[in-house]
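If you read the sequences in order, they're chains A and B. Going by this note's numbering, 33 is the number at position 33 of the first sequence; the sequence numbering is gapless. In this note's numbering, each residue carries its 1-based index in the second sequence increased by 69. One structure is given below, encoded as structure tokens.
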Amino acid sequence: MKKSFLDMVFAMAVFSALGLATTTPAHAYLDGGTVSMALQALTGAVASVLLFGKLYWAKIKSIFKRQSD
Amino acid sequence: MTFDAGSFRDPSGRVLRHGDRVLRAIFAAGSAQYAAAKDSGVLDAMIAEGWLLPARTLEGDERETMAPGAVHWLEHPVLDFVSYPYEWCFSALKAAALHHLDFHIALLGRGFTLSDATAYNIQFRGTEPVFIDHLSIIPYEEGSAWVGQRQFGMQFLNPLYLWAKKGIAPHAWYRGSVEGIEPEELVKLLGLRDRLSFTVIAHIVGPAAFARRRIAGGLEAKAARPAYLSRKRLLAILTSLRDYIAGLRLPGEKTVWDDYAVNNSYDEVRREAKHRFVAEAVGLVAPGMVFDIGCNSGEFSRTALDAGARSVVGFDFDFGALERAFSTFHKAKAPVLPLWLDAANPSPSQGWAGCERKSLQERASADMVLALAVVHHLAIAKNIPLDMVTDWLMGLAPAGVIEFPSKSDPMVQQLLRGRADIFPAYTEEAFLGHVGTRGRIVRQDRLGEGGRLIVAYDRRG
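Here is the structure:
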């Protein structure tokens, strides 16, 4: 429950950002193959937060686990 | 000397076959990056840890004529078999994806990164993935993007996603496109629930939307604002993707032959006889690499190894059996690689100029082939004439063992059920004739009283 809620918040954040992400310089042949730097920067930011949250959550859990042992 | 037909996209170097050696020429375009990687010690460290295929630097310039303009030369150990991602089972594709990400993360820790993310740069030694392209390793520039993101999605994440979340094995699609599954296509299969995942948005929905916008924008597209991706955030992307892929599982379906190995019509005596026959035949040939066609969960691959084969590449049509084989040999750290194969439609020669990815036939460098309980699936179930089946199997290796279940066999009876018997030429006599005209029958035996015919052949004189 908690995870899917978080995912949804981030989904909305990324989706709204997607609208802002502009494209890379145009070339004569367009393959859609280049990555979006703006999208990656945003993905990186969200992934950092998620990872931090994950580690933090693991820490909290381990404290409670120790107490209950 | 020939250039490898699959090595030309990167101007920094090319792979060459020189006799039975594998060499890599490094050109001026890649020489500075290679020198940086070599001098930093990162290549040797990655080789020492088993992440990267070993490489020996060659001195001297007598090879200059082989690839004019080459600045450096490397020599690599020859892999027993080169396999392609559209031949891998789920666990193999997943192991390759994780290997790629772990390798990239390890490189970033040493100030290097990868210039692409193609799955064809991963090969297997047994069930262990190894990275093979030394020229993809380039110095990392702080703030730069992950250029391989789209390729990683197409060649690793998207096929794995399709398999794990939609229950669709990606092989037909992957093999057809060669470059993998585009996010623009995959996204059409996603429901709203599927999209409520950070990974799906960041690596499938996002890139799909970006590509659509970019193509729609055409030449009029606006220039990008400069963006900066810190190393910490790049690592976070790779790590979160790694965690996501590590958590992917196959849907728990039972496949057709899943319990074949423990639940078929064989009794123990016949099974023992078959193991003995295979072990003795392998012992006589003393092969390097063995092909095990229809390997199931690898029971006889194991017998071939125990009888002295250096390595085995097993092939099967059934994903459940391949998963079990992969898991068994991974745990045992045994040199057996189970691969997916539809023997009636083996991997073709394809890609650029029709030869970038080689057909199974072209890669069939096995010293010996095992074809146990295979013939009837091709001759009866697929209507392939017995002489053509024999031809194909014996063409895979100069020596081998072929089992022939006759029409009275319960397994053949099952295949014949509900259809007309249009196979008057499917007889033991005919089979022995076909083998005999294509090679020498070294031994023939019967597996238990009234059991299946089994034959060992040798085409070499």
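Using N, Cα and C, we set each Cβ at its ideal position, and we do this for glycine too.
| CB contact flag (F386/B, L410/B, <8 angstroms) | One thing to note: F386/B has its Cβ within 8 angstroms of the Cβ of L410/B.
| said: According to DSSP, is H27/A part of a helix, a strand, or is it coil? | reply: Confidence is the limiting factor: at H27/A the pLDDT is only 37, short of 50, which leaves the residue's position unreliable and the question unanswerable from this model.
| Between H344/B, T459/B, M463/B, Q482/B, which lies nearest to A450/B when the distance is taken from Cα to Cα? | Out of H344/B, T459/B, M463/B, Q482/B, Q482/B has the C-alpha closest to the C-alpha of A450/B.
| query | Hey, out of R90/B, F159/B, G119/B, Y103/B, whose CA is closest to T182/B's CA? | reply | Nearest option by C-alpha distance: Y103/B.
| field | Nearest residue (CA-CA) to A161/B, options F395/B, F72/B, V256/B | value | The shortest C-alpha to C-alpha distance from A161/B to any of F395/B, F72/B, V256/B is the one to F395/B.
| Can you round the beta-carbon distance between A350/B and A106/B to whole angstroms, since I take them to be within the 8 angstroms contact cut? | Incorrect: roughly 46 angstroms between the Cβ atoms, too far for contact.
| Euclidean distance between Cα positions of F369/B and E392/B | In this structure, the alpha-carbon of F369/B lies about 16 angstroms from that of E392/B.
| Using a Cβ-Cβ distance under 8 angstroms, would L55/A count as near chain B? | L55/A does not count as touching chain B.
| How is F77/B classed by DSSP in three states: helix, strand or coil? | Coil, per DSSP.
| How long is the line joining the alpha carbons of L609/B and P415/B, rounded to whole angstroms? | No answer is possible for residue 609/B: the residues shown for chain B start at 70 and end at 530.
| task | Under 8 angstroms by Cβ, that's how I've got A296/B and A41/A pegged, so tell me the actual separation to the nearest angstrom. | result | About 4 angstroms separates the CB atoms of A296/B and A41/A; that is less than 8 angstroms, so the two are in contact.
| message | Per the DSSP calculation, S380/B is bridged to which residue(s)? | response | Under DSSP, S380/B forms a beta bridge with M358/B.
| said: Between S81/B, D108/B, P146/B, A117/B, which has its C-alpha nearest H87/B's C-alpha? | reply: Ranking S81/B, D108/B, P146/B, A117/B by Cα distance to H87/B puts P146/B first.
| Straight-line CA distance for L501/B to F225/B? | Our two residues, L501/B and F225/B, have alpha carbons roughly 45 angstroms apart in a direct line.
| Span of the beta strand (DSSP E) around W142/B | Counting along the chain, the beta strand (DSSP E) containing W142/B begins and ends at 139–145.
| said: Counting only C-beta atoms, is S246/B closer than 8 angstroms to chain A at any point? | reply: Not an interface residue.
| DSSP on E368/B, reduced to helix/strand/coil? | Correct three-state label for E368/B: helix.
| query | Do three or more CB pairs link the region 307–322 of chain B to the region 275–284 of chain B at distances below 8 angstroms? | reply | With a cut-off of 8 angstroms, the region 275–284 of chain B and the region 307–322 of chain B do not count as touching, because too few Cβ pairs lie within range.
| query | Between S471/B and F77/B, what straight-line distance do the alpha-carbon atoms span, to the nearest angstrom? | reply | The identity of residue 471/B in the sequence shown is Ile, whereas the question assumes Ser. One C-alpha to the other measures close to 39 angstroms.
| message | So the candidates are W232/B, V91/B, R300/B, D514/B; which of them puts its Cα closest to the Cα of P208/B? | response | Comparing alpha carbon positions, the residue from W232/B, V91/B, R300/B, D514/B closest to P208/B is R300/B.
| query | Rounded C-beta distance between G469/B and R339/B? I'm assuming under 8 angstroms. | reply | At roughly 20 angstroms, the Cβ-Cβ gap does not stay under 8 angstroms, so G469/B and R339/B are not in contact.
| query | Is the distance from the Cβ of G420/B to the Cβ of M463/B below 8 angstroms? | reply | Going by C-beta atoms, G420/B is not nearer than 8 angstroms to M463/B.
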